[in-house]
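In the numbering used here, the protein residues as written are 172 to 423.
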């Protein structure tokens, strides 16, 4: 956060960026992260104390691009796939197809390299970005689940600044005002779910200090959470790198 980014344009409107040194990325580690649950699809690489990211806002289900992005990150960082020690991925909830893309890529790298895989909630990644952007103590985040519903997560800021879940991520009907946990602290509402389902915002309590309807989870935040807050992720075998859909039906 606050670091200067240097970017170059890649083919087809994709962008690669290098973020300045981050204390939570040890020089001895090389970790890969994938987040494709929403239209902000991207990958991130933590290597030698630096974070490299590549994403293409607005690109849905980029299965044919993710491996190109990873190749670009490895080349930019001056390393090879064999150096990767762990893979983290946004497990959802989110786009059914997008979440499957992240899971399948994580499984492929985990199997090929024999490294552990971290499942990170995409809503936790969104909460991390919301807390950083707003300075609030709590983040209530929502993604549009279609079919008159939203995926909702509630998080508070932990001692190290990382989000801590107040309750499990859940699917909420669009017309149902949220019954929030931890009332009283300054909170931020983030994610496009609030624009799609405005009735989610509860009445009768202090309004949020900010509403960030365009904010989406990022691969950078998935990487950050896997490295700095292991409790937010779940280490699994490659075969256990499964999506968290929160529901089984795609259509009515």
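All C-beta atoms in this analysis are idealised placements derived from N, C-alpha and C, irrespective of residue type, glycine included.
Original post:
What span of residues does the alpha helix (DSSP H) with residue 364 cover, start to end?
Top reply: Note, residue 364: alpha helix (DSSP H), 364-367.
**OP:** Please state whether DSSP places residue 372 in a helix, a strand or coil.
**Re:** Correct three-state label for residue 372: coil.
Subject >> Sheet register partners of residue 405 (DSSP bridge) >> reply: Under DSSP, residue 405 shares a beta bridge with 290.
**OP:** Answer with buried or exposed for residue 406, where buried requires no fewer than 16 other C-beta atoms within 10 angstroms of its C-beta.
**Re:** By the 10 Å Cβ count, residue 406 comes out exposed.
Original post:
Shortest alpha-carbon distance to residue 306 belongs to which of 287, 414, 334?
Top reply: It is 334.
**OP:** Taking residue 326 as part of the alpha helix (DSSP H), name the residues at either end of that continuous run.
**Re:** It is not in any alpha helix (DSSP H) - residue 326 instead sits in the beta strand (DSSP E) that spans 320-328.
Original post:
Buried or exposed: which applies to residue 340, given that a residue is buried once 16 or more other Cβ atoms fall within 10 Å of its Cβ?
Top reply: Burial call: buried.
Original post:
How would you label residue 316, buried or exposed, when you count the other beta carbons within 10 angstroms and need 16 or more for buried?
Top reply: A residue is called buried once 16 or more other Cβ atoms fall within 10 Å of its Cβ, and residue 316 is buried on that count.
Original post:
Who are residue 359's beta bridge partners in DSSP?
Top reply: Per DSSP, 310, 381.
Original post:
Three-state secondary structure (DSSP) at residue 256?
Top reply: When DSSP states are grouped into helix, strand and coil, residue 256 belongs to the coil group.
**OP:** Express the C-alpha separation of residue 397 and residue 391 in angstroms, rounding to a whole number.
**Re:** Pairing residue 391 with residue 397, the inter-Cα distance amounts to about 10 Å.
Original post:
To the nearest angstrom, how far is it from the Cα of residue 291 to the Cα of residue 378?
Top reply: If you take the alpha carbons of residue 291 and residue 378, they lie about 28 Å apart.
Subject >> Simplified DSSP assignment, three categories, for residue 342 >> reply: Looking at residue 342 - three-state DSSP - the assignment turns out to be strand.
**OP:** Starting from residue 283, trace the alpha helix (DSSP H) both ways and give me its first and last residue.
**Re:** Where residue 283 is concerned, the enclosing alpha helix (DSSP H) stretches over 267-284.
Original post:
Of all the options 223, 204, 209, which has the alpha carbon lying nearest to the alpha carbon of residue 416?
Top reply: Scanning 223, 204, 209 for the CA closest to the CA of residue 416 turns up 209.
Original post:
Got a sec, what are the start and stop residues for the alpha helix (DSSP H) residue 244 sits in?
Top reply: Bounds of the alpha helix (DSSP H) holding residue 244 are 234-248.
Original post:
From residue 413 to residue 262, what does the alpha carbon distance come to, in whole angstroms?
Top reply: Spanning the alpha carbons of residue 413 and residue 262 requires a straight line of approximately 7 Å.
Original post:
Under 8 Å, do residue 215 and residue 204 count as touching if we go by C-beta distance?
Top reply: Yes, the Cβ-Cβ distance between residue 215 and residue 204 is below 8 Å.
**OP:** For residue 194, name the three-state secondary structure that DSSP assigns.
**Re:** Confidence at residue 194 is low in this model, with a pLDDT of 49, below 50, so the placement of that residue is unreliable and no value is reported for it.
Original post:
Count the other CB atoms within 10 Å of the CB of residue 285; is the residue buried (16 or more) or exposed (fewer)?
Top reply: With fewer than 16 Cβ atoms within 10 Å of its Cβ, residue 285 is classed as exposed.
**OP:** Tell me where the alpha helix (DSSP H) around residue 203 begins and ends.
**Re:** In the DSSP assignment, residue 203 falls outside any alpha helix (DSSP H) and lies within the beta strand (DSSP E) extending over 201-206.
**OP:** Classify residue 315 as helix, strand or coil using the three-state DSSP reduction.
**Re:** Here residue 315 sits in strand by DSSP.
Subject >> The alpha helix (DSSP H) enclosing residue 392, as first and last residue numbers >> reply: Taken as a continuous stretch (DSSP letters only), the alpha helix (DSSP H) holding residue 392 covers 390-399.
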